[in-house]
Structure formats: structure tokens, C-alpha cells
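Participant: The structure follows.
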Amino acid sequence: MQQRPTRVRHLVLWLTVIAYLITYMDRAVISSAAPFIREEFGFTIGTMGLILGAFRVGYTICNIPGGWLGDRFGPRRALAAIVLWWSAFTALTTAMTGAASMMICRFLFGAGEAGAFPIATRSLSRWMLPSERGWAQGLTHAGSRLGAAFTPPLFVWMMVQYGWRLPFLCFGAVGCVWAVVWYFWYRDTPEEHSQVNAGELALIQQSLGTKRTGLTTTVPWGIILSSRVTILLGLMYFCYGWCQAIYLDWLPTYLREFRGFNPVKMGIYASLPYYAGALGNLAGGRITDQWATRSGDLKSARRIVGMIGFVIAAVGIIPATLTPDPAMSVALSCLAFFGLEVTISVSWAVPLDIGGDFAGSVSAVMNTCGNLGGTISTIAVGYIVSQFGWNVPFYIAAGFCIAGAILYLGIDASRHLFPSEPGASSHEN
């Protein structure tokens, strides 16, 4: 009788979820602190936009190198190293003395975080079954949004008690602890992990192919970069990145300075869209996986769910912007962010579907494009608001949501980039 499979792959998934949660706690703490940093240092809103944008510049530039690190050296070593790096710069943010030093520190922080999602995607590629990919990506990204949700009220509580610097120090310490646990427990393949029994190993190998080595020597960038699916993924994710950056980087400032919330209410209300986003991640991942499993039509399961998410976001953004009621604006922003995040679990499942052992590099290309959109958005919003007010950035975001829905029409997750891998379909350029 076949041995009952262990569930080590699910522990791998949950440890990855915690990593995603930490990434967004460390990102969101600067946006929560932004109004108070501006008060202390006397920064204009344009200068604050440059500081927030410095993270995204570093993140965008280093996304592809970060994904390559995971593919080349394995997620165990690569992810532990970059978490230690960005955790150090999270803590060092408290020592900065002006705009220039703050921008340099946030740039280096972004350079470290750049590899997080691509390497984490690569870390799951040899563990998660195809039927679990959408759910896995939904769960990990839900963890990241919960990190962003927890941060504003937690930051406000810490700030009131001890000032704005303490949260940066505490969050940096949490990342260091996670990196140590990851390095000593995680393994790059199920075959290497002592806690995986024969039943689980057989289950994984039947779905993903027989035993393979832990590291990849050469990344086929020509195939990846010339693929029509990769190009469309990048353009679609640019649209997503533009919209997401407004909520992640500017929502606390928007609520504080435009909607008139006091610091405590700002902390509470700024967290609500992220809870809605976490639900969107889980819903999108569950729906796309169940659709694909029951129908056998992976292309439609990924494509249509992604399109619907963008449409919901566009429908929520416009009335959230136009309503004069601050509470209603937050409620409609929750709807918009829910829809935006429905797309995420689908978008990150596609690199696993088409990339195989090179899922880290494929997702790094996609994420680079997304963060290029986010970088431009974050820097531009500060100047757009100073010239045209707060409504215009949200109108632009609604337009990008419509564009993202249209781009999803061309994304086919059923066409594997590397047909020689187990279970792959024909190559598409």
C-alpha cells in the first residue's frame, strides 16, 4: 500500500506566505511614516515622492538580477541572503539625516526586495502541484496584503508610544529571524528535504516530472524575452503596477491630507483596502484553479479571471474618487483594490504555468515591468497632485485598469515556453 503523503510542500508554502507578509510590512511602513517624516524634515510632497520612488527604482532595476539569483544559486541561499539585505536597510532608514541619504537607503532597500517575489515563485516551482498554483499565489500575495494591512495601525500605535523610528527597527529584526529559519529548514527540491516521505515525493514527481538537479546553469533569456506571452504579461503588469503603487505609497497621505482623517483614523482606514485585497487574492487564486481543474481550459481560467479583476477595479476607482463622503471613498476603494488584487494570483500563476524551472526569471521580467509602472506612478503622483489635485491620479489609474483587462485577452497560460520540460505544451513565440 502506498504511503500516505506528507504535506511538507504546504509548510514551504506557509513559510513563503510569511516572507510575503514581511515584504509588505517593510514597504508599507515608509508610506505610513511619510506624513510624519515630512513634518520632521520639512520635505515637500514632491521630495517625498522622490524618496518613495527611490525604493521602486532600485526594485525595478534589480528585479531581473534577483530572479536570476534564484534560478542560478537556488532559492534557499538566494532568498535568505536578500531578506537579510533588505532587513538591514529597513532598520537603517532610521539613521538617515536628509532627503539624499533617505533616497539612497530606500534605493538599496528596494534593490534587496527586488528578488523576493521572483525567487519565492522559483522556490514554489518544484514543490507545488499544477492544481495548487493559483491558490498558492493567491495565498502568498494575500499574506503580503495582510502585511500592508497590519502596518498602518501597528505603526500608529508604535509611533504614538515611541516615535516613527521604532517600527523600522522591529520590522528589520523580524526579517532577520525569518531568513535564518528559511536557510536552515527549506531545501531547493523535495528530494533534498528529510521530512518529505515517499508518498509526497511520488505525488510531486508524478505531477512535475522525475527528479531533477537543484540548480539551473543557463537562463534562456532569448526565449523568455521574445515570447509574446512574456511581452503581454509585462505590459499588463505595468498597468497593475501603476495602480497598485498609488494605494501602497500614497493612500495614508491621501487620507490624512485630502480626506481629513486624524492619525489614528488614518491608520485604521488605510488598512481596510488591504484586507479587501487579501480576499481578492484568495478569491482569484481559488476561482482560477477550480475553473482550470474542472474545465481543463487553463487559458480561459487564467485569462477571464484576470480580465474580470481589472474591470472590478475600474468600476470601484471612479466613484471612490468622486464621492464627497470620506468613509464611502474608503469603502469603494476597498472594492477597487479587491478587483485589482483578483488579478495577482492569476498573473503570478502564469509564470509557473509557462516557465517551469525558469519561472523565477519569467516572473522577474513581468515584475520588472510592473515596478517600472509603479516607479513612474509613485514619482509622478507627487507632482500631479501639486498641479492638478488628488482626483487626476485616480482617473489615470482607472484607465490603466481598462488597458490591463484588454491586454489579458492575449495571454495564453497553456503555451509552455520550454516544451522539453515534463507536461509542457508547444512552444510559442
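Note that the sequence shown covers residues 4 to 432 in this note's numbering. Built from N, CA and C at the ideal position, the CB exists for glycine as well. Bear in mind the structure is a predicted one, so any value in this text is a computation, not a measurement.
What would DSSP say about H196, mapped onto helix, strand or coil?
Facilitator: The residue given as residue 196 occupies position 193 in the sequence shown. Reduced to three states, the DSSP call for H196 is coil.
Participant: Can you tell me whether DSSP reads G217 as helix, strand or coil?
Facilitator: Taking the sequence shown and counting its residues from 1, the one referred to as residue 217 is at position 214. A caution first: G217 carries a pLDDT of 48, below 50, which makes its placement in the model too unreliable to give a value.
Participant: Hey, would you say W181 sits closer than 8 Å to F39, going by beta carbons?
Facilitator: Position 178 of the sequence shown holds residue 181. Position 36 of the sequence shown holds residue 39. Contact flag unset, no.
Participant: Rank S364, L254, G263 and W188 by C-alpha distance to the C-alpha of V384 and give the top, closest one.
Facilitator: Here residue 384 refers to the residue found at position 381 of the sequence shown. Selected option, being the one with the closest Cα: L254.
Participant: By Cβ distance below 6 Å, which residues in the same chain neighbour R129 in space, the five residues on each side in sequence not counted?
Facilitator: Numbered from its first residue, the sequence shown carries residue 129 at position 126. Cβ neighbours of R129 beyond the five flanking positions: T192.
Participant: Which one of T63, P68, V32 and H13 has the shortest CA to CA distance from G363?
Facilitator: Locating residue 363 in the sequence shown gives position 360, counting from the first residue. Of the candidates T63, P68, V32 and H13, the one whose C-alpha sits nearest the C-alpha of G363 is P68.
Participant: Go ahead and pull the three-state DSSP assignment for Y398.
Facilitator: On the sequence shown, position 395 is the one that residue 398 refers to. In the structure shown, Y398 sits in a helix (DSSP, three-state: H, G or I).
Participant: Could you pull out every residue in the same chain whose Cβ sits closer than 7 Å to the Cβ of P19, ignoring the five residues on either side in sequence?
Facilitator: One-based indexing of the sequence shown puts residue 19 at position 16. Inspection of the sequence shows that residue 19 is occupied by Thr rather than by Pro. Closer than 7 Å at Cβ, skipping near neighbours: A123, S126, L127 and T143.
Participant: In three-state DSSP terms, what is Y23?
Facilitator: Translated into the one-based positions of the sequence shown, residue 23 becomes position 20. The answer is helix: DSSP assigns Y23 an H, G or I state.
Participant: Compare the Cα-Cα distances from A304 to each of A31, Y62, V86 and S134 and report the closest residue.
Facilitator: Along the sequence shown, one-based indexing puts residue 304 at 301. Closest option to A304, Cα to Cα, is S134.
Participant: Taking the alpha-carbon positions, what's the G217 to G77 distance?
Facilitator: The sequence position of residue 217 within the sequence shown is 214, counting from 1. The sequence position of residue 77 within the sequence shown is 74, counting from 1. At G217 the pLDDT is 48, less than 50, meaning the model places this residue with poor confidence; the figure from the coordinates comes in the next sentence. One C-alpha to the other measures close to 7 Å.
Participant: Hey, how far is the Cα of I207 from the Cα of T324?
Facilitator: Looking up residue 207 in the sequence shown gives position 204. Looking up residue 324 in the sequence shown gives position 321. I207 and T324: Cα-Cα distance of roughly 47 Å.
Participant: Can you list, in chain order, the residues of its chain with a C-beta nearer than 7 Å to that of R190? Leave out the 5 residues immediately preceding and following it.
Facilitator: The residue labelled residue 190 in the question sits at position 187 within the sequence shown. So the qualifying residues of the chain are R79 and H196.
Participant: Expressed to the nearest angstrom, what Euclidean distance is found between the alpha-carbon atoms of E344 and R136?
Facilitator: Locating residue 344 in the sequence shown gives position 341, where the first residue counts as 1. Locating residue 136 in the sequence shown gives position 133, where the first residue counts as 1. Cα-Cα distance, rounded: 16 Å.
Participant: Buried or exposed for M239, please, with buried defined as at least 16 other CB atoms from any protein chain shown within 10 angstroms of its CB.
Facilitator: Here residue 239 corresponds to residue number 236 of the sequence shown, with the count starting at 1. When all chains shown are included, M239 counts as buried.
Participant: When we look at the beta-carbon of G3 and count the other beta-carbons within 10 Å, is it buried (16 or more) or exposed?
Facilitator: Since the first residue of the chain shown is 4 and the last is 432, residue 3 is not available in this structure.
Participant: Just to confirm the assignment, what range does the alpha helix (DSSP H) spanning R259 have?
Facilitator: Within the sequence shown, numbered from 1, the residue matching residue 259 stands at position 256. R259 -> alpha helix (DSSP H) spans L254 to E260.
Participant: Would you mind working out which of P155, R262 and P354 sits nearest R30, comparing C-alpha positions?
Facilitator: The residue labelled residue 30 in the question sits at position 27 within the sequence shown. The shortest Cα separation from R30 among P155, R262 and P354 belongs to P155.
Participant: Once the 5 residues before and after W294 are set aside, which same chain residues still bring their CB inside 6 Å of it?
Facilitator: As a position in the sequence shown, residue 294 is number 291, starting the count at 1. Once the five neighbours on either side are set aside, the close Cβ partners of W294 are A304.
Participant: Are C242 and G141 close, meaning C-beta to C-beta below 8 Å?
Facilitator: Taking the sequence shown and counting its residues from 1, the one referred to as residue 242 is at position 239. Taking the sequence shown and counting its residues from 1, the one referred to as residue 141 is at position 138. No, the Cβ-Cβ distance between C242 and G141 is not below 8 Å.
Participant: What residue does the alpha helix (DSSP H) around T154 start on, and which one ends it?
Facilitator: Numbered from 1 along the sequence shown, position 151 holds the residue referred to as residue 154. R136 to Y165 is the extent of the alpha helix (DSSP H) around T154.
Participant: CA-CA distance, W393 and A352?
Facilitator: Mapped onto the sequence shown, residue 393 falls at position 390. Mapped onto the sequence shown, residue 352 falls at position 349. For W393 and A352, the distance between alpha carbons rounds to 34 Å.
Participant: The alpha helix (DSSP H) that contains S298, what's its start and end?
Facilitator: Taking the first residue of the sequence shown as 1, we reach residue 298 at position 295. Counting along the chain, the alpha helix (DSSP H) containing S298 begins and ends at P266 to S298.
Participant: Measure the CB-CB distance between D356 and A416 and report whether it falls below 8 Å.
Facilitator: Numbered from 1 along the sequence shown, position 353 holds the residue referred to as residue 356. Numbered from 1 along the sequence shown, position 413 holds the residue referred to as residue 416. Yes, the Cβ-Cβ distance between D356 and A416 is below 8 Å.
Participant: In three-state DSSP terms, what is L412?
Facilitator: On the sequence shown, residue 412 is found 409 positions in, with the first residue counted as 1. Residue state, collapsed to three classes: coil.
Participant: Cutting at 8 Å between CB atoms, please list the residues of its own chain near R10, excluding the five before and the five after it.
Facilitator: Along the sequence shown, one-based indexing puts residue 10 at 7. The answer, listed in chain order, is E203.
Participant: Flag this pair as yes or no: are the beta carbons of Y62 and G113 separated by less than 8 Å?
Facilitator: Counting from one through the sequence shown, the residue named residue 62 turns up at place 59. Counting from one through the sequence shown, the residue named residue 113 turns up at place 110. Yes, Cβ-Cβ distance for Y62 and G113 is below 8 Å.
Participant: Could you tell me if E116 is buried or exposed, where buried requires 16 or more neighbouring beta carbons within 10 angstroms of its beta carbon?
Facilitator: Your numbering for residue 116 matches position 113 in the sequence shown. Under this definition E116 is a buried residue.
Participant: Report yes or no: do the segment 363-383 and the segment 325-344 share at least 3 C-beta pairs separated by less than 8 Å?
Facilitator: No contact exists between the segment 363-383 and the segment 325-344.
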